[in-house]
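Numbering (our numbering), first residue to last: 627 to 845. All residues carry an ideal CB built from backbone N, CA and C; glycine is no exception. A short worksheet on the structure shown next.
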């Protein structure tokens, strides 16, 4: 029998709640019947209060862990445009997004279980120590030592370890991996920002039981 502490687990997650107003991008209800954790847009690249509330309620009903998918403030560009945001401002915006999602998660009877950057912020945090530190400062300001979901070996993960935050590595089922780069960004596979096929994409978050994100129960 394998050791339950070291047995690798696979968590299937996807980006959800990425519609706003009358615009719908993903079939959130269908995906929530498949995934075990949900990266919920927090209103800066997509999502709106009603969408966030609805996804949190559905996730809570189905036992899916809610994660805050934080981003640059770039609704027009879906969070995929590179930006230079001052670290203090970025930290505040990260805390704001986590806090907003936490309100809806608590109302639904669950909690935010982890944080994951989105789009251009995700790409930037692979190699940028200052932006990574700002993201982690935002997590600290939000008040809970949440696990950080991201690319293994990234600056974000290294910085998280230094400040004592748990990390969860992920691989992408809908991306290519090359010998010279850990992955190929979404922009290299989508012909334009208006062609979005991410609703069918899912991520595999590989983790060991000892470093799993917390359950939906309050810590």
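I'd like to check one pair, residue 664 with residue 690: are the Cβ atoms closer than 8 Å?
Sequence index remark: in the chain shown, residue 690 carries index 64 (1-based). Sequence index remark: in the chain shown, residue 664 carries index 38 (1-based). Cβ atoms of residue 690 and residue 664: closer than 8 Å.
Is it true that the segment 747 to 754 meets the segment 787 to 797, where meeting means three or more beta-carbon pairs spaced less than 8 Å apart?
no
Are residue 745 and residue 706 touching if we call contact CB-CB under 8 Å?
Sequence index remark: in the chain shown, residue 745 carries index 119 (1-based). Sequence index remark: in the chain shown, residue 706 carries index 80 (1-based). Yes, the Cβ-Cβ distance between residue 745 and residue 706 is below 8 Å.
Which same chain residues end up closer than 8 Å to residue 678 when comparing Cβ atoms and leaving out the 5 residues on each side of it in sequence?
Counting from one through the chain shown, the residue named residue 678 turns up at place 52. So the list reads 643, 666, 667, 668, 669, 726, 727 and 730, once near-sequence residues are dropped.
By the three-class DSSP mapping on this structure, what secondary structure does residue 667 have?
As a working note, residue 667 is residue 41 in the chain shown. Strand.
In whole angstroms, what is the alpha-carbon distance linking residue 704 and residue 790?
Along the chain shown, read from residue 1 onward, the residue named residue 704 stands at position 78. Along the chain shown, read from residue 1 onward, the residue named residue 790 stands at position 164. Roughly 31 Å between the two C-alpha positions.
Spatially closest choice to residue 649 from 695, 782 and 672, by CA coordinates:
Within the chain shown, the letter at position 23 stands for residue 649. Taking only the C-alpha atoms, the option nearest residue 649 is 672.
Quick test of your reading: residue 722 and residue 693, contact by CB under 8 Å. State the CB separation rounded to the nearest angstrom.
Here residue 722 corresponds to residue number 96 of the chain shown, with the count starting at 1. Here residue 693 corresponds to residue number 67 of the chain shown, with the count starting at 1. The Cβ separation is near 16 Å, so there is no contact.
Among 680, 724 and 799, the one whose alpha carbon lies nearest that of residue 761
Residue mapping note: residue 761 aligns to position 135 of the chain shown, counting from 1. With distances taken between Cα atoms, residue 761 lies closest to 724.
Among 712, 675 and 737, nearest to residue 754 - alpha-carbon criterion
Mapped onto the chain shown, residue 754 falls at position 128. When only C-alpha atoms are compared, the closest one is 712.
Out of 702, 698 and 733, which one is the CA nearest neighbour of residue 716?
Numbered from 1 along the chain shown, position 90 holds the residue referred to as residue 716. Selected option, being the one with the closest Cα: 698.
Cutoff 8 Å; reference residue 765; Cβ partners in own chain excluding five residues on either side:
The residue labelled residue 765 in the question sits at position 139 within the chain shown. Counting only Cβ-Cβ distances below 8 Å, and skipping sequence neighbours, we find 720, 721, 724, 741, 771, 772, 774 and 791.
Classification of residue 733 by the beta-carbon crowding that lies within 10 angstroms, buried from 16 upward
Taking the first residue of the chain shown as position 1, residue 733 is located at position 107. Looking at its Cβ environment, which holds fewer than 16 other Cβ atoms inside 10 Å, residue 733 is exposed.
Terminal residues of the continuous alpha helix (DSSP H) containing residue 655?
For this step, residue 655 is matched to residue 29 along the chain shown. Here the alpha helix (DSSP H) through residue 655 covers 654 to 657.
Would residue 635 and residue 658 be called neighbours here (beta carbons separated by less than 8 Å)?
The sequence position of residue 635 within the chain shown is 9, counting from 1. The sequence position of residue 658 within the chain shown is 32, counting from 1. Not in contact: residue 635 and residue 658 (Cβ atoms no closer than 8 Å).
So, for residue 655: in the same chain, excluding its five sequence neighbours on each side, which residues have a beta-carbon less than 7 Å away from its beta-carbon?
Taking the first residue of the chain shown as 1, we reach residue 655 at position 29. Cβ within range, chain order: 684.
Can you name the start and end residues of the beta strand (DSSP E) that residue 798 belongs to?
To locate residue 798, count along the chain shown from 1; it is residue 172. Counting along the chain, the beta strand (DSSP E) containing residue 798 begins and ends at 793 to 798.
Out of 686, 687 and 681, which has the shortest C-alpha to C-alpha gap to residue 695?
As a working mapping, residue 695 is identified with position 69 in the chain shown. It is 681.
Return the bridge partner residues of residue 774 from the DSSP annotation.
As a working note, residue 774 is residue 148 in the chain shown. Residue 774 pairs with 741 and 793.
Close-in-space but distant-in-sequence residues of the same chain around residue 646 (CB under 7 Å, 5 per side omitted)
Looking up residue 646 in the chain shown gives position 20. Cβ neighbours of residue 646 beyond the five flanking positions: 672, 673, 674 and 677.
Beta strand (DSSP E) containing residue 691: first to last residue?
Translated into positions along the chain shown, residue 691 becomes position 65. Looking at the DSSP string, the run of the beta strand (DSSP E) that includes residue 691 is 691 to 696.
Counting only runs of 4+ residues fully inside the segment 669 to 733, write out the alpha helix (DSSP H) ranges in chain order.
675 to 688 and 713 to 733
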